[in-house]
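Chains as they are written, first to last, in the numbering used here: chain A, 1 to 331; chain B, 332 to 662; chain C, 663 to 868; chain D, 869 to 1074.
Every residue gets a Cβ at the ideal spot worked out from N, C-alpha and C, and that includes glycine.
Here's the structure we're looking at; comments come further down.
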Amino acid sequence: MKKLINSPETVLTDALTGLAAAHPELAVDIPNRVISRAGRPGRPKVAVISGGGSGHEPLHSCFVGRGMLDAACPGEVFTSPVPDQVLTAVQRVHSGSGVVLIVKNYTGDVMNFQLAAELAAEEGVEIRTVLVDDDVAVEDSTWTAGRRGTGATVMVEKITGALAERGAPLDQVAETGRRVNAASRSFAVALTAATTPAVGKPGFDLPEDEIEIGVGIHGEPGRRRERHRPAAELVAEVVDTILADHELTAGDEVIALVNGLGGTPLLELYVVYGEVRARLAERGVRIARNLVGNYVTSLDMAGFSLTLTKADPELLELWDAPVATPALNWS
Amino acid sequence: MKKLINSPETVLTDALTGLAAAHPELAVDIPNRVISRAGRPGRPKVAVISGGGSGHEPLHSCFVGRGMLDAACPGEVFTSPVPDQVLTAVQRVHSGSGVVLIVKNYTGDVMNFQLAAELAAEEGVEIRTVLVDDDVAVEDSTWTAGRRGTGATVMVEKITGALAERGAPLDQVAETGRRVNAASRSFAVALTAATTPAVGKPGFDLPEDEIEIGVGIHGEPGRRRERHRPAAELVAEVVDTILADHELTAGDEVIALVNGLGGTPLLELYVVYGEVRARLAERGVRIARNLVGNYVTSLDMAGFSLTLTKADPELLELWDAPVATPALNWS
Amino acid sequence: MDTELALAWIRETAAAVERQESYLTELDSAIGDGDHGSNLRRGFTAVITALDTLEPDSIGAVLAKTGTTLISKVGGASGPLYGSAFRAMGKALPQATATPAELAAALAEGLLAIQQLGGAAPGDKTIVDAWAPATAAFEAAAADGLPSAADAADAAAAQGARDTVPLQARKGRASYLGPRSTGHQDPGATSTALLFHTLAQVTHAA
Amino acid sequence: MDTELALAWIRETAAAVERQESYLTELDSAIGDGDHGSNLRRGFTAVITALDTLEPDSIGAVLAKTGTTLISKVGGASGPLYGSAFRAMGKALPQATATPAELAAALAEGLLAIQQLGGAAPGDKTIVDAWAPATAAFEAAAADGLPSAADAADAAAAQGARDTVPLQARKGRASYLGPRSTGHQDPGATSTALLFHTLAQVTHAA
Ligand SMILES: Nc1ncnc2c1ncn2[C@@H]1O[C@H](COP(=O)(O)OP(=O)(O)O)[C@@H](O)[C@H]1O
Ligand SMILES: Nc1ncnc2c1ncn2[C@@H]1O[C@H](COP(=O)(O)OP(=O)(O)O)[C@@H](O)[C@H]1O
Ligand SMILES: [Mg+2]
Ligand SMILES: [Mg+2]
Ligand SMILES: [Mg+2]
Ligand SMILES: [Mg+2]
């Protein structure tokens, strides 16, 4: 394993040190592992907090800022944060209007955030949890812990963040977050496995000509293995898999995220986006907004995920609202 | 080789198709391979054009937009554009105030842009060329084609673009571009080699515990090979190599770019940034502005480059000026 | 069991986790995300540090401190689960010495906490598949004394862990694999077996 | 040489480039960026297409079209260099047939164009190291007729390419490698040797 780190034990602390140095607009509490906006908000607002394992950057730390998250809690690499961290984040950023916790649906994340929510509630803070579970690769929900949370996290964080910034009340922010999640579906394909610093070798072995279809963002193996194919064929399968589960019909509009898993060049992501657009156009679905790039990564994994969020005027308006974070920035 | 492409022959066309679909604010001429801003500028201004081989995205295509490039000409992967492309770009965006061509110092780029500049001059367009040659890994200039152009291209494009946007005259824009280049030094370290679609295997073999010190962004092997080391040691060597060639003294300020070569997770780039900041602080050099991320990539290569541009109030003000491109965006 | 034995159990467990880290991680790489070993090592290292400055006057103090530290330091699925289990056991054993029957009841409280938090049933290919049979075996043998009960629990937990191999996971990260989760031993059940093994070890050494 | 032979030369070169693509790329991977083979294949494929619709009435028309097409399609260092060389040769041969001496003079014009644009001297480990000796050998043997002159040029170019192996590059991308550029044959010199080899081939077939 070759990585630009000092040691697997210190990677998170060292990265937070760099993050703090690079972004004076963020307050980075390194010992407690909480990233929040520098300076307090001028007026009370609903606080939006998310977190999860590290190794998915820019998620979540680089989505802290005006119009998006109030705080993020990064866990160890591919490991959910602990309740203390989440509680510290709540204490730091809540301003009396309540807190929305955005939690990706993994057993560890769910339980750790739940414990934190209980502790925060004991302290009198009103908490709502929005669970993100958009990954259609997880098929049979009676046999599983339910769908994983992946790319839709970006949409949920952006849109709830925009709404909270406008002063919307707690329940509306949480309900809208749930609505975004319900309108979103994702699917990922890996060309290589990620190598975590602690393990030092790829999470799974993938022959030179095979790919993992329906892979998770923690190097969890996917639905099945297949031979690698040209981008157009691969994208067609991914789009069709999502549409099979999504109540999208001709004339609908979507927000589309073509997301690099970390090791895939942007050049290839644009190839993928072109194919996604073409395939959706065949089905009469129009992409109203898009993001192409590395947003929810899995360390050095090569591959991509596609997320489609059914759009409506309200969601588009919130999507377009100004945002100022290290990784998403527009006005 | 596993890549998200349809074929090595179509990769550039397919990527441009995706780029055009993703960014309606760009005019993408796919057959001629020229990317420019959609819509013509309101008033005449100096046009800033750059280009080079593909595979370095977001460079240059994703730096087209208000406050930065007027047009970009992407060549085949790792191959400079041809003169026709550059000429087409000039014809498309010049508005009578002259054109600055930003050229990275590679033999192929220099000759192809030179031929284009001659053709454009024959058509009566005033042309200035700014050569970027910031890579201190290239040591003896009497034995070489001179230093390569790498990370400083971002600084040169941003700052000349800002100046042109303000209506500065041709010579001032070009002179400032040359000044930024002269104030910049870069150095890169590769942990793995890039795989071009046409070749299908890594450009060089690198054992599991070795790295290329002073690598180029086209997979050109570096100065030498060494054993891999912890980030702090590696960064110390990179910073010291740059400082040995840079007239930076205690109290100076720099714009610092910690650039991922394509296959390195953002988590690791922040680790690197933390070490860069610490090492520079030891030397009394302060980082006034920074960028951490993938800006000048080499396809899927793992590793990073560091660029330091000595800053002064004028350069910082131009750096801070609004920019609205797919990859750099602030206001 | 007394406070000293509780301390010895946790210390021995920490040492065993350290030794078995890469094995646990390997199991978790096959059907999870490859961090179970480092998660538990990080947690138990912190537990040892926390216990070093504690002067516990009860079994409960040891186990509760273990639980809260695991919750604060592990993260992932195993942190809250093991953490809650130890906290529940700690709550059940406020005394300085406990009979085998009291320990059996505490283990049952631990199981309850795991199931309440995680919602897993036996056969779901989780921690429960080792903890549940171990608790039952311990209880059944409690009348024969602590060493015998611990041995019975050790054997049952090991068997329970092995029995997860053919199961298809229904909870946790492994469940995403669907049928591909079969044929592998569950990491969490394996670390539970380790817990019961160290319990038997320290019981015999005492 | 006549227009037909010029066409045959370019066609044979295109075929040879296609066959040698991966060899040229391999050489370029060692001391460059691994695209010389695909650069030339892309260029000569376009040249063949361009020539297919051309009805050339002179050697110059064939060579000039080859040159402009290479400039428009190749990119990199080799595109402008070979493109300018062919354009210069085309300009030197406006006629439908040329004597060996006229062809020798045109090859020298080609060399001049390469050196003017690229600034390389013999020994810099570039195209020049094959083109210069080939031109000299062709000129020296021109009096013996086209086939002999072409054979001499072929041999000299091949030798020139081989002689680049121990050289340290002073121009182009390979120069960045410094001393590490020694021990490898230059890709551009190798493709130039190929050009002179196909010239000899078609001369004999004619
Ligand atoms: N709902 C649950 N109930 C009981 N045990 C569970 C549950 N979910 C997961 N586990 C256990 O947790 C183990 C994985 O722990 P760990 O790797 O530390 O966490 P994570 O899966 O978050 O990476 C699994 O092997 C399984 O035994
Ligand atoms: N200045 C120069 N003069 C002559 N030939 C050169 C010069 N620079 C490079 N070359 C030749 O070009 C070859 C490389 O061509 P190619 O790989 O197509 O371009 P690039 O180096 O831009 O990728 C080198 O092997 C060398 O022979
Ligand atoms: Mg985990
Ligand atoms: Mg090239
Ligand atoms: Mg795990
Ligand atoms: Mg080359």
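Compare the C-alpha of C:GLY822 against each of C:GLN847, C:GLN830, C:LEU769 and name the closest.
Here the question's residue 822 of chain C lines up with position 160 in the third sequence. Answer by Cα proximity: C:GLN847.
Just mark A:ALA183 as buried or exposed, buried being the case when its beta carbon has 16 or more other beta carbons within 10 Å.
The residue labelled residue 183 of chain A in the question sits at position 183 within the first sequence. Flag for A:ALA183 reads buried.
Taking Cβ-Cβ distances shorter than 7 Å, what residues in chain A pair up with B:HIS559?
Against the second sequence, residue 559 of chain B aligns to sequence position 228. Residues of chain A passing the Cβ test: LYS2.
Nearest CA to the CA of B:VAL530: which residue from D:ILE916, D:ASP920, D:ILE939, D:LEU892?
The residue given as residue 530 of chain B occupies position 199 in the second sequence. The candidate whose alpha carbon is nearest that of B:VAL530 is D:LEU892.
Using only the alpha-carbon positions, how far apart do D:LEU1062 and D:GLN888 sit?
The residue given as residue 1062 of chain D occupies position 194 in the fourth sequence. The residue given as residue 888 of chain D occupies position 20 in the fourth sequence. Approximately 9 Å between the Cα atoms of the pair.
List the residues of chain D that B:HIS321 touches, going by C-beta distances under 9 Å, in chain order.
Any answer about residue 321 of chain B is impossible in this case: the structure gives chain B only from 332 up to 662.
Cutting at 7 Å between CB atoms, please list the residues of its own chain near D:PRO990, excluding the five before and the five after it.
Within the fourth sequence, residue 990 of chain D is the residue found at index 122, counting from 1. Within the same chain, D:PRO990 has close Cβ partners VAL996, ASP997, ALA1000.
Can you name the residues of chain B whose CB is closer than 7 Å to the CB of D:THR893?
On the fourth sequence, position 25 is the one that residue 893 of chain D refers to. For D:THR893, the residues of chain B that pass the 7 Å Cβ criterion are VAL530, in the order they occur in the chain.
Looking only at its own chain, which residues have a Cβ that is under 7 Å from the Cβ of D:ALA988, when we skip the five neighbours before and after it?
Position 120 of the fourth sequence, counted from the start, is the residue given in the question as residue 988 of chain D. Around D:ALA988: THR994, VAL996, LYS1039.
My guess is that B:ALA378 and B:VAL417 are in contact by the Cβ rule of under 8 Å, so how many angstroms apart are they, rounded?
By one-based count along the second sequence, residue 378 of chain B stands at place 47. By one-based count along the second sequence, residue 417 of chain B stands at place 86. Rounded to the nearest angstrom, the Cβ distance from B:ALA378 to B:VAL417 is 12 Å, too far for a contact under 8 Å.
Would you say the beta carbon of A:PHE204 comes nearer than 8 Å to a heavy atom of ligand 8?
The model depicted lacks ligand 8 and carries ligand 1, ligand 2, ligand 3, ligand 4, ligand 5 and ligand 6 instead.
Please state whether the Cβ-Cβ distance between B:THR484 and B:SER381 is less than 9 Å.
By one-based count along the second sequence, residue 484 of chain B stands at place 153. By one-based count along the second sequence, residue 381 of chain B stands at place 50. Contact flag set, yes.
With hydrogens ignored, establish whether the beta-carbon of B:PHE409 is closer than 8 Å to any heavy atom of ligand 4.
Taking the first residue of the second sequence as position 1, residue 409 of chain B is located at position 78. Placement of the Cβ of B:PHE409 at a distance of less than 8 Å from at least one heavy atom of ligand 4 is found.
Using a threshold of 8 Å, is the CB atom of A:ASP376 nearer than that to any non-hydrogen atom of ligand 4?
Because chain A is modelled from 1 through 331, residue 376 of chain A falls outside the range shown and cannot be assessed.
Assuming contact is defined by CB atoms lying nearer than 9 Å, are B:GLY349 and B:GLY383 in contact in what I supplied?
Locating residue 349 of chain B in the second sequence gives position 18, where the first residue counts as 1. Locating residue 383 of chain B in the second sequence gives position 52, where the first residue counts as 1. Not a contact, by the Cβ cut-off of 9 Å.
Among C:ARG824, C:THR797, C:GLY745, C:ALA815, which has the Cα closest to the Cα of A:MET373?
Lying outside 1 to 331, the shown extent of chain A, residue 373 of chain A is not represented and no answer is given.
On the CB-based measure, 16 or more other CB atoms within 10 Å of its CB, does C:THR761 come out buried or exposed?
One-based indexing of the third sequence puts residue 761 of chain C at position 99. C:THR761 comes out exposed.
Residues in the same chain with beta-carbon distance under 7 Å from D:ARG909, minus the five sequence neighbours each way, listed in chain order, please.
Position 41 of the fourth sequence, counted from the first residue, corresponds to residue 909 of chain D. If the five residues before and after D:ARG909 are omitted, its C-beta is found closer than 7 Å to the C-beta atoms of VAL885, GLU886, GLU889, all from its own chain and listed in chain order.
Using a Cβ-Cβ distance cut-off of 9 Å, determine whether B:TYR601 contacts chain A.
The sequence position of residue 601 of chain B within the second sequence is 270, counting from 1. Chain A, which has a Cβ nearer than 9 Å to the Cβ of B:TYR601, makes this yes.
Any chance the CB of D:ARG1041 is under 8 Å from a heavy atom of ligand 4?
Along the fourth sequence, read from residue 1 onward, the residue named residue 1041 of chain D stands at position 173. Yes, the Cβ of D:ARG1041 comes within 8 Å of a heavy atom of ligand 4.
Nearest by alpha-carbon distance to B:ALA352: which of A:VAL285, A:GLU282, A:LEU318, A:TYR273 is it?
Numbered from its first residue, the second sequence carries residue 352 of chain B at position 21. Answer by Cα proximity: A:TYR273.
Where C:VAL736 and B:ARG516 are concerned, what is the direct C-alpha to C-alpha distance, given to the nearest angstrom?
Position 74 of the third sequence holds residue 736 of chain C. Position 185 of the second sequence holds residue 516 of chain B. Each residue's alpha carbon lies about 43 Å from the other.
With DSSP run on the structure shown, which of helix, strand or coil describes A:ASP29?
Indexing the first sequence from 1 puts residue 29 of chain A at position 29. Correct three-state label for A:ASP29: strand.
Taking beta-carbon pairs under 8 Å, can you tell me which members of the stretch 938–951 of chain D lie near chain B?
Cβ contacts with chain B: ILE939, SER940, LYS941, VAL942, GLY943, GLY944, ALA945, SER946, GLY947, PRO948, LEU949.
Jot down the residue ranges of each uninterrupted alpha helix (DSSP H) in the stretch 809–866 of chain C, minimum 4 residues, whole runs only, in chain order.
none
Would you check whether ligand 3 has a heavy atom nearer than 8 Å to the C-beta of A:ASP335?
Residue numbering for chain A in the displayed model covers 1 to 331; residue 335 of chain A lies beyond these limits and cannot be assessed.
If you measure between the beta carbons of D:ALA1025 and D:ALA1002, is that distance less than 9 Å?
Within the fourth sequence, residue 1025 of chain D is the residue found at index 157, counting from 1. Within the fourth sequence, residue 1002 of chain D is the residue found at index 134, counting from 1. Yes, the Cβ-Cβ distance between D:ALA1025 and D:ALA1002 is below 9 Å.
Strictly below 7 Å CB to CB, what residues from chain C border A:ALA311?
Mapped onto the first sequence, residue 311 of chain A falls at position 311. Per Cβ cutoff of 7 Å: no residues; A:ALA311 is ~28 Å from chain C at best.
Does the stretch 745–760 of chain C come into contact with the stretch 713–730 of chain C, if we say contact requires no fewer than three beta-carbon pairs (one atom in each stretch) closer than 8 Å?
yes
Between B:ALA499 and B:ASP401, is the Cβ-Cβ spacing less than 9 Å?
The sequence position of residue 499 of chain B within the second sequence is 168, counting from 1. The sequence position of residue 401 of chain B within the second sequence is 70, counting from 1. Their beta carbons are not under 9 Å apart, which means B:ALA499 does not touch B:ASP401 by this criterion.
How long is the line joining the alpha carbons of A:ARG37 and B:ALA420, rounded to whole angstroms?
Reading the first sequence from its first residue, position 37 is the one you call residue 37 of chain A. Reading the second sequence from its first residue, position 89 is the one you call residue 420 of chain B. Those two C-alpha atoms are separated by around 42 Å.
Can you check whether the C-beta of B:TRP474 is within less than 9 Å of a C-beta belonging to chain D?
By one-based count along the second sequence, residue 474 of chain B stands at place 143. B:TRP474 counts as touching chain D.
Collect the residues with a C-beta less than 5 Å away from any heavy atom of ligand 5 and give them in sequence order along the chain.
Here the residues come out as C:ASP690, C:GLY694, C:ASP695, C:ASP697, C:HIS698.
Quick one: list the residues of chain D neighbouring B:GLY370, beta-carbon separation under 8 Å, in chain order.
Counting from 1 along the second sequence, the entry for residue 370 of chain B is found at position 39. The contacting residues do not exist; B:GLY370 stays about 29 Å from chain D at best.
Closer than 8 Å between beta carbons: that is the criterion. Which residues of the stretch 1046–1062 of chain D meet it against chain B?
GLY1046, ARG1048
Quick one, which residues of the stretch 288–302 of chain A are near chain B if we go by CB-CB under 8 Å, in chain order?
ASN290, VAL292, ASN294, THR297, LEU299, ASP300, ALA302
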